Amino acid sequence: MSDESKKQLNRREFFSFVTVGWVAFTSAVAGLASLAFRYSYPNVTFDPEMDFIAGFPADYEEGVDERWKNGFGVWMVKQEGKLVALSNICTHLGCVPNWLPAELKFKCPCHGSGYYMNGINFEGPAPRPLERYKIALTPEGKIKVDKTKIYRYEKGQWDHPDSYLSV
Amino acid sequence: MKEFINYMADPIRSFPIMTILYILMMKYYRIIGTKKFAIGAVVASLPVVAWFCMDANFRAIILWPDNIPINIIIILIAWLTWYSLYRCAQNDARIEKGECPIEATPENREKVWTWPNLVYTELMCMIGATVFLVVWAIIFKAPLEEPANPTWAPNPAKAPWYFLGLQEMLVYFDPWMAGVVLPGIIVVGLMAIPYIDTNPKGNGYFTIKERPLAMWMFMYGWLVLWIYLIIVGTFLRGPNWTFYGPFEYWDFHKVVSEYNVNLSEFLWIKWLNMPMPGNIVLREILGIILTVAYIVVIPLWSAKTKWGKKIIENTGQIRYYIFIFLLLGMTSLPIKMVLRWLFSLKYIIALPEWELNL
Ligand code: FES
Numbered sequence: 000m001s002d003e004s005k006k007q008l009n010r011r012e013f014f015s016f017v018t019v020g021w022v023a024f025t026s027a028v029a030g031l032a033s034l035a036f037r038y039s040y041p042n043v044t045f046d047p048e049m050d051f052i053a054g055f056p057a058d059y060e061e062g063v064d065e066r067w068k069n070g071f072g073v074w075m076v077k078q079e080g081k082l083v084a085l086s087n088i089c090t091h092l093g094c095v096p097n098w099l100p101a102e103l104k105f106k107c108p109c110h111g112s113g114y115y116m117n118g119i120n121f122e123g124p125a126p127r128p129l130e131r132y133k134i135a136l137t138p139e140g141k142i143k144v145d146k147t148k149i150y151r152y153e154k155g156q157w158d159h160p161d162s163y164l165s166v
Numbered sequence: 000m001k002e003f004i005n006y007m008a009d010p011i012r013s014f015p016i017m018t019i020l021y022i023l024m025m026k027y028y029r030i031i032g033t034k035k036f037a038i039g040a041v042v043a044s045l046p047v048v049a050w051f052c053m054d055a056n057f058r059a060i061i062l063w064p065d066n067i068p069i070n071i072i073i074i075l076i077a078w079l080t081w082y083s084l085y086r087c088a089q090n091d092a093r094i095e096k097g098e099c100p101i102e103a104t105p106e107n108r109e110k111v112w113t114w115p116n117l118v119y120t121e122l123m124c125m126i127g128a129t130v131f132l133v134v135w136a137i138i139f140k141a142p143l144e145e146p147a148n149p150t151w152a153p154n155p156a157k158a159p160w161y162f163l164g165l166q167e168m169l170v171y172f173d174p175w176m177a178g179v180v181l182p183g184i185i186v187v188g189l190m191a192i193p194y195i196d197t198n199p200k201g202n203g204y205f206t207i208k209e210r211p212l213a214m215w216m217f218m219y220g221w222l223v224l225w226i227y228l229i230i231v232g233t234f235l236r237g238p239n240w241t242f243y244g245p246f247e248y249w250d251f252h253k254v255v256s257e258y259n260v261n262l263s264e265f266l267w268i269k270w271l272n273m274p275m276p277g278n279i280v281l282r283e284i285l286g287i288i289l290t291v292a293y294i295v296v297i298p299l300w301s302a303k304t305k306w307g308k309k310i311i312e313n314t315g316q317i318r319y320y321i322f323i324f325l326l327l328g329m330t331s332l333p334i335k336m337v338l339r340w341l342f343s344l345k346y347i348i349a350l351p352e353w354e355l356n357l
């Protein structure tokens, strides 16, 4: 070997450089990617709780009660001796309908679906009625709404005793 | 007069009107595609636009910051549509005389490089668009709104303007259909055009006469089923997605009652006077039969007609069936709109138990 080529890298050195470089590069990319992944999760979540205590049955008057709508996404509807917890998610594409007290209906701002007070759909594209959540009494006589359990009218689940409270 | 325009703008009436206007436009494109017509139309429309703009409610809609780009787009689309009709009319007249289209004349056959000619123009357009967006955001004070809240929706809740056609479509369809299936068919169908359409006529030059079917079909889907629906969704839909005429005040308490009925309810309750059967497939049987007829029988039958035979001869079986399927997908929208307006029909097949509603 001439002096000249000694100054350049030999094969072994070349590979060790490449290895170090490659490992550094990969770990940098992996680190960045994991940071980016972490970034896609929020630091704090404001998701509504899945179940909550909704006071006493006597707190509710006949009709639609909106007090839990903003916090939990639930309307309490008392009608014909039954108190139900109605979901506020439109069954069409999941917008949030508004309760229009003057017209006695829920009306969705997205594509105009309309529901009667009891949650049955009657206008617009919504294919099925609003869903009911499980509603039950705690031992102290308070109402507990459990949003993990839903009751769908078209499946005949509204007769289920957990889907309403007799008041 | 304003009352009358409000009344006519309701999609029930304006959709057929647009369709008729579209047919007239395509039929008489040689008259429309002249410079005289264009100048006449602009001159005639200026006072009309001015008169429209005198109305406070109309001004409120078109000057709503979100709607500014749509105003621009309407003008651009009117111009581009006219321009292509103009070029088509020119070429078709030449072709009839036995000459070649303008694009094929020797002086137009010269070619230029993509780089720099095209790429450079694109870069300039990009910069121009960015400048426009920034200026627009500053002038109209683009808001930074509050964090998303899952239990509250603005009213009216509108999609970005380019999706308003889809949102308008959703009024007539189940979210699966109008939100996933139909947009998917649109995108895939547009990508498939080069593979389905093997006719070399019209490649690289404007013509309507040599490609009547392709032009009529595409332009209908584009102008009436897409642009028109965007316009309706933007300007004519107010709170609760209720229809509001162009001169109408957006009154949150406007009451419209439409009671929509599924085909199965028509069949069992209205026509047969029977309770709905418990078996859900039996309940929806009429709708299922109609749907199957629509997507199976029509293609098979049309392949037997003279029209279908000609296309099959030119393109082949598979291409023909794909084409017919795409065409049927497109026409399902006007069909459902008309059925909704005439009979308040909600779904032809309504199987919410299976999340299947057509
Ligand atoms: S999401 Fe409510 S009508 Fe479409």
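Heads up: the protein sequence lines correspond to chains A and B, in order.
Per numbering that gives the first Met the number 0: the first sequence = residues 0 to 166.
Per numbering that gives the first Met the number 0: the second sequence = residues 0 to 357.
Quick reminder that beta carbons are idealized off the backbone N, C-alpha and C, glycines included.
This structure is a prediction, so every number in the text was calculated from the model and none was measured.
Residue range of the unbroken alpha helix (DSSP H) whose run includes F234 of chain B
227-234
For a test of the three-state rule: what should DSSP assign to M0 of chain A, helix, strand or coil?
In this prediction, M0 of chain A has a pLDDT of 48, which is less than 50 and means its spatial position is unreliable; what the coordinates show is noted afterwards. Looking at M0 of chain A - three-state DSSP - the assignment turns out to be coil, as it is neither helix nor strand.
For S112 of chain A, is the beta carbon positioned less than 7 Å from some heavy atom of the ligand FES?
yes
Mapping DSSP to helix, strand and coil, what is A156 of chain B?
coil
Contact criterion: CB-CB distance below 8 Å. Does S256 of chain B meet it with respect to chain A?
yes
The beta strand (DSSP E) that contains K148 of chain A, what's its start and end?
142-150
Using the Cβ count rule (16 or more neighbours within 10 Å means buried), how would you classify T206 of chain B?
buried
Any residues in the segment 33-55 of chain B with a beta carbon nearer than 8 Å to a beta carbon of chain A? Which ones, in chain order?
none
Verify the CB distance criterion: does N278 of chain B have a CB-CB separation below 8 Å to chain A?
no
For L85 of chain A, does the count of other Cβ atoms within 10 angstroms reach 16, so buried, or fall short, so exposed?
buried
At least one CB of chain A closer than 8 Å to the CB of Y21 of chain B: is that the case?
no
Given M218 of chain B as reference, the closest of B:I30, B:L20, B:V170 once Cα atoms are compared
B:L20
Going along chain A, which residues have a C-beta under 8 Å from F172 of chain B?
P124
Over what stretch of residues does the alpha helix (DSSP H) that includes K345 of chain B continue unbroken?
Per DSSP, K345 of chain B belongs to no alpha helix (DSSP H) and is neither H nor E.
Considering only C-alpha positions, which residue in the set A:E139, A:A101, A:A135 is nearest to K148 of chain A?
A:A135
Assigned secondary structure, N172 of chain A (DSSP; H/G/I helix, E/B strand, else coil):
Absent from the structure is residue 172 of chain A, since the part of chain A shown begins at 0 and ends at 166.
Quick one: what's got a C-beta closer than 8 Å to H91 of chain A's C-beta in the same chain, skipping five residues either side?
C107, C109, H110, S112, G123, P124, A125, P126
So with CB distances below 8 Å, who are the chain B contacts of H110 of chain A?
Q166, L169, V170, W240
What residues in its chain sit with their C-beta under 8 Å from that of N120 of chain A, if we drop five residues either side in the sequence?
T90, S112, G113, Y114, P126, R127, P128, L129
Interface residues of chain A facing G178 of chain B [CB-CB closer than 7 Å]
L92
Cβ-based neighbour list, I52 of chain A, same chain, cut-off 6 Å, excluding 5 preceding and 5 following:
K141, K143
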